[in-house]
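Under this note's numbering, think of the first position of the sequence shown as 171, with each following residue one higher.
We put the CB at the ideal spot given by N, CA and C, even for glycine.
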Amino acid sequence: MAIKDLIKRKNHNKELDSEFDTKIKELFSTQKEEWELCGNNYSALDQVKLKEILFDGFSIHVQFNPKRIISTSANTNEEAIKKRECFLCNTPPEQKRVLFNKRFDLLVNPYPIFKEHYTIIKKKHQPQTIIGNFETFLDLTKSMGREYTVFYNGPRCGASAPDHTHFQAGSSNKIPIENDFDLVVSSLSNKIYSDSKINIYAIEKYLRRMIAMESESKGDLLFAYKLFVDAFKRISIPKDEPMMNILSWYRDNKWRIVFIPRRKHRPDSYFEEGKDQLMISPAAIDMGGLIITPRQKEFDLLNRELVTEIYREVTLTTEHFEYLKNRIVTNILSR
């Protein structure tokens, strides 16, 4: 393809992204004004409480947000899902949408964590999975640009609608891993692979074990993602999607992707009764360092020790993470 054609295509893509951004802003403004529930819940964000728990060189943020009780307490087991209608297929008449990529609709999330919070749902009712949808996830991240962070919750580790494919997006620079990224990859991780197009890191000194990637090349990210999933499948339940959360943002013409491999959804304390219960249900945002508590009790109780234990319990063991990162490198070198 000639250089002038490449420039023309790039300019066309910028125009499309700008048009999409304008539509998002218009949708958000209209929904807050015309949909009472939505407007009230965004106004309620002014009353949420925040606190910071300090660790060595970084911190975990905690948000007390009572409106998130529905998501945190959601019963997502297979039997419960079969008994209810899909709430992403049966949205309220007040909820409007913007088309993305012909196959997805962007909606304003009426139960927000961020000043702007969106859910991006597949038009066709299909089970939640990143398999076959990761390229769209990257395209969405790029199209939403500097102002948003895009994230994915696996069907067994945070998705409150595991029966319907969807992503979410929220205001940028609100999740600690995004702000900590440069520190984390330089001081709290090992670079397990690097070439002229992509860097891959194993993050191990940040309370959670994560795989991070940064690249300007969508093709290289797609390839590295496939190698990651192939490696993770080897230590996961056969036939099921490996349990993971994903966070992604696009800055300075580069994607930054954080994969958070999981071994369980909720810590044991979630299932305790009475005073021993801690209603903490970690999903992508929580694993990224912004823990959401729908009750005052957990907001007050959370401290360094509890946060450390919750993360330890729901992320991969040292042994499994060691296997995962070594297998990723083996897959790359044998390609």
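Span of the alpha helix (DSSP H), counted from its first residue to its last, around residue i
i: phenylalanine 351; result: 346-357
i: glutamate 264; result: Premise fails: glutamate 264 is in no alpha helix (DSSP H) and is neither H nor E.
i: alanine 372; result: Element bounds for alanine 372: not the alpha helix (DSSP H) but the beta strand (DSSP E), 368-376.
i: aspartate 309; result: 304-314
Per-residue DSSP class, three states only, for residue i
i: threonine 319; result: strand
i: asparagine 210; result: helix
i: serine 439; result: helix
i: glutamate 479; result: helix
i: methionine 380; result: strand
i: valine 499; result: helix
i: arginine 474; result: helix
i: tyrosine 363; result: strand
i: serine 385; result: strand
i: isoleucine 461; result: strand
i: aspartate 275; result: strand
i: leucine 176; result: For leucine 176, the predicted model reports a pLDDT of 46, less than 50, meaning its position is unreliable; a value from the coordinates is still stated below. Residue state, collapsed to three classes: helix.
i: threonine 487; result: coil
i: tyrosine 493; result: helix
i: glycine 444; result: helix
i: serine 188; result: helix
Residue i, enclosing beta strand (DSSP E) - first and last residue
i: arginine 421; result: 414-421
i: threonine 289; result: 287-292
i: histidine 336; result: 336-341
i: phenylalanine 393; result: Per DSSP, phenylalanine 393 belongs to no beta strand (DSSP E); it is in the alpha helix (DSSP H), 388-403.
i: leucine 220; result: 219-224
i: lysine 424; result: 424-431
Residue i versus residue j: straight-line alpha-carbon distance, rounded
i: isoleucine 301; j: valine 428; result: 16 Å
i: glycine 227; j: glutamine 447; result: 30 Å
i: aspartate 275; j: glutamine 201; result: 15 Å
i: proline 452; j: glutamate 204; result: 32 Å
i: leucine 494; j: leucine 503; result: 14 Å
i: phenylalanine 307; j: glycine 340; result: 14 Å
i: arginine 179; j: glutamate 189; result: Residue placement at arginine 179 is flagged as unreliable, the pLDDT there being 49, under the threshold of 50; a coordinate-derived value is accordingly withheld.
i: glutamate 257; j: arginine 426; result: For the record, residue 257 in the displayed sequence is phenylalanine; it is not glutamate. Taking the straight line joining both Cα atoms gives about 31 Å.
i: histidine 490; j: proline 282; result: 34 Å
i: isoleucine 177; j: arginine 379; result: With a pLDDT of only 48 at isoleucine 177, under the threshold of 50, the placement of this residue in the model should not be trusted, and no figure is reported.
i: arginine 508; j: aspartate 456; result: For residue 508 there is no data in the structure shown, the boundaries of the chain being 171 and 505.
i: threonine 246; j: aspartate 191; result: 32 Å
i: lysine 409; j: glutamate 479; result: 29 Å
i: phenylalanine 469; j: threonine 488; result: 29 Å
i: tyrosine 371; j: glycine 444; result: 41 Å
i: valine 399; j: isoleucine 381; result: 11 Å
i: lysine 294; j: aspartate 333; result: 11 Å
i: aspartate 365; j: alanine 401; result: 20 Å
i: lysine 195; j: aspartate 352; result: 29 Å
i: lysine 375; j: proline 262; result: 44 Å
i: arginine 482; j: leucine 377; result: 7 Å
i: lysine 253; j: isoleucine 430; result: 30 Å
i: threonine 485; j: arginine 436; result: 10 Å
i: arginine 267; j: serine 229; result: 36 Å
Close beta carbons around residue i, own chain, < 6 Å, minus the five adjacent residues each side
i: isoleucine 461; result: Val232
i: serine 387; result: Lys367
i: asparagine 181; result: With a pLDDT of only 49 at asparagine 181, under 50, the local geometry of the prediction cannot be trusted, and the value read off the model is given with reservation. Within the same chain, asparagine 181 has no close Cβ partners at all.
i: leucine 207; result: Pro280
Same chain, Cβ closer than 7 Å to residue i, five either side skipped, listed in chain order
i: phenylalanine 284; result: Gly340, Ser341, Lys344
i: asparagine 303; result: Thr335
i: phenylalanine 198; result: Val278, Glu286
i: tyrosine 420; result: Thr311, Lys312, Gly315
i: asparagine 323; result: Ala329, Asn415, Ala453, Ala454
i: tyrosine 363; result: Ile370, Val499, Ile502
i: arginine 497; result: Ala401, Arg404
i: asparagine 473; result: Ile223
i: valine 218; result: Gln233, Phe234, Asn235
Length at least 4, wholly inside the region 227-273: the alpha helix (DSSP H) runs in chain order: 239-242, 248-253
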